[in-house]
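For the sequence shown, my numbering puts the final residue at 424, and the numbers step up evenly by one.
Note sheet for the following structure.
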Amino acid sequence: MKIANIAVQTFRYRSNTVRDSEGHGHPGPEHDAAQSLVTITTDDGASGYCFGNLPKGPLENAVKPAVLGKDPFYREKIWHELKERQRLNLATLPDRILTAVDMALWDLAGRALGQPVHKLLGATRDKAPAYASTMCGDDLPNGLATPEDYANFAIWCVKERGYPSYKLHTWQPPYPNAPSVKRDLAACAAVREALGPDVPLMLDPFHYYSREEALALAKGLEKLDYYWMEEPMDEHSMSSYVWLCENTSLPICGPETAEGKMYVRAEWIKAGACDLTRGGVWDVGGITPLMKIAHLAEAFGMRMEVHGGGVGNLHVLCAMATPGEFYERGLLHPFIDYEAVPEWLNKRDDPMDEQGFVHVSQAPGLGQDINFDYIRDNLIEAY
Ligand code: LLH
Ligand code: MG
């Protein structure tokens, strides 16, 4: 079996999320948005899919030379070859392109072998507990504008929808009065007060606080018995995270957005810059490197908390040896119906039951139920 083609279809869909000037998502008026589907096909008719962006330039110049004519089961070799092409080319060949290719290859392997990806990886479970992960704070009345809004939404998420756990993304610029350690702690205290002592709670605040501000947050969260805090400072300063870990008993989770795949996670663990390691398929270049990080964490007796939702992360979560890790479900907001099925799928990828468990698909590959008719009818571009 040899890879015969890799193609991209970009299609239109209706979105009700808008991005602020810093790139954070919030509810907004419905508008047209674009999404892409990457398809890898083989000479004997097998195929694998991944929703993700893969522009024409890097597809022709870097990806096709690395994959065409190759055995699609040589994922590790293909991933390394692409990784090596990133040197001096990170701007045009970012990790997210490696992710799209790697996930499409895992999907292809699963479909060809008739097994879901988590079982190819070595499954440990078929469901994972979720946490409700909010959008960043805003100024929308009854949205996420006040500490009470976070508390009210937490009550709905945990007591009505059944989420076992809740994570606040608090206010960031360009919102007025953001960032503010005091307001972040007020929101965290309001949520703790609303949910009582037993629900695990997490905070993901402004990502560029100073050391003193991050420590003040950590000391406040120690008192509120928070489960972890992530990314309160620029992750390029690993020394700041070592300093923070040395000065607080609050578990610090990271790195999330720092470039460097498994290599950087290894350095953080060795340096004592985190208590829980972190990464998601879209941060580190795919399922292949994220499993390396899961095994690295396991070998150090450390938990890995997976960043972000989606099928790739869910399959990894269901193939990790250390139980108890959460699926990040979101980003959620009181004005957005997260349960709505995306137009390009026939059903959601991350169905959550009333006990707050997200179930991984048992269908072959990544198990996405793709609405190919919708994609064809709303096609913008294909190459
Ligand atoms: O800053 C944001 O918009 C969120 O923090 C986002 O990156 C989210 O994916 C996250 O950090 N989750 O943990
Ligand atoms: Mg985060």
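For every residue, glycine included, the Cβ atom is placed at its ideal position computed from N, Cα and C.
Could you tell me if residue 421 is buried or exposed, where buried requires 16 or more neighbouring beta carbons within 10 angstroms of its beta carbon?
exposed
Bridge-paired residues (DSSP) for residue 46:
82
Does at least one heavy atom of ligand 2 sit under 7 Å from the Cβ of residue 275?
no
Going by C-alpha distance, which of 417, 406, 369 is nearest residue 176?
369
Which residue from 326, 261, 80 puts its Cα closest to that of residue 289?
261
Per DSSP, what kind of secondary structure is residue 413 in: helix, strand or coil?
helix
Return the first residue and the last residue of the beta strand (DSSP E) that residue 170 is part of.
168-175
So what does DSSP say about residue 343, is it helix, strand or coil?
coil
Can you tell me which of the three DSSP states residue 367 falls into?
coil
What do you reckon, are the CB atoms on residue 391 and residue 382 nearer than 8 Å?
no
Are the beta-carbon atoms belonging to residue 47 and residue 108 less than 8 Å from one another?
yes
Nearest-angstrom Cα separation, counted from residue 167 out to residue 218:
43 Å
Am I right that residue 242 and residue 207 are in contact with their C-beta atoms under 8 Å? What's the rounded C-beta distance?
6 Å
According to DSSP, is residue 407 part of a helix, a strand, or is it coil?
coil
Quick one: measure Cβ to Cβ for residue 95 and residue 44, integer angstroms, because I've assumed they're closer than 8 Å.
So it is not a contact: roughly 14 Å between Cβ atoms.
Considering only heavy atoms of ligand 1, does any lie closer than 7 Å to the CB of residue 245?
yes
Take the Cβ of residue 174 as the centre, count every other Cβ of all protein chains shown within 10 Å, and call the residue buried at 16 or more, exposed below.
buried
Can you name the start and end residues of the beta strand (DSSP E) that residue 92 belongs to?
88-92
For residue 127, which residues from the same chain have a beta carbon less than 7 Å from its beta carbon, with the 5 sequence-adjacent residues on both sides left out?
134
Would you mind reading off the limits of the alpha helix (DSSP H) that contains residue 153?
136-154
According to DSSP, simplified to helix, strand and coil, what is residue 181?
coil
Keeping to the same chain, check which residues put their C-beta closer than 6 Å to that of residue 384; ignore five residues upstream and five downstream.
54, 415
Does the Cβ of residue 174 lie closer than 7 Å to at least one heavy atom of ligand 1?
yes
Within a Cβ cutoff of 6 Å, which residues of the same chain sit near residue 315, ignoring the five residues on either side of it in sequence?
293, 295, 309
Do residue 92 and residue 75 count as a contact pair if the criterion is CB distance below 8 Å?
no
Strictly under 8 Å for the Cβ-Cβ distance: is residue 312 near chain C by that measure?
The structure shown has no chain C; it contains just one protein chain.
Proximity test, residue 374 beta-carbon vs ligand 2 heavy atom, cut-off 7 Å:
no
If you draw a straight line from the C-alpha of residue 125 to the C-alpha of residue 118, how long is it?
11 Å
Reduced DSSP category for residue 62 - H, G, I as helix; E, B as strand; rest coil:
coil
Taking the CB atoms as reference points, tell me whether residue 82 and residue 90 lie closer together than 8 Å.
no
Residue 51 - DSSP class collapsed to helix/strand/coil
strand
Beta carbon of residue 274 nearer than 8 Å to that of residue 250
yes
Within 8 Å, strictly: CB atoms of residue 191 and residue 231:
yes
Using 8 Å as the threshold, is the C-beta distance between residue 122 and residue 215 below it?
no
Segment limits, beta strand (DSSP E) that includes residue 271:
269-271
For a quick check, are the C-beta atoms of residue 327 and residue 140 less than 8 Å apart?
yes
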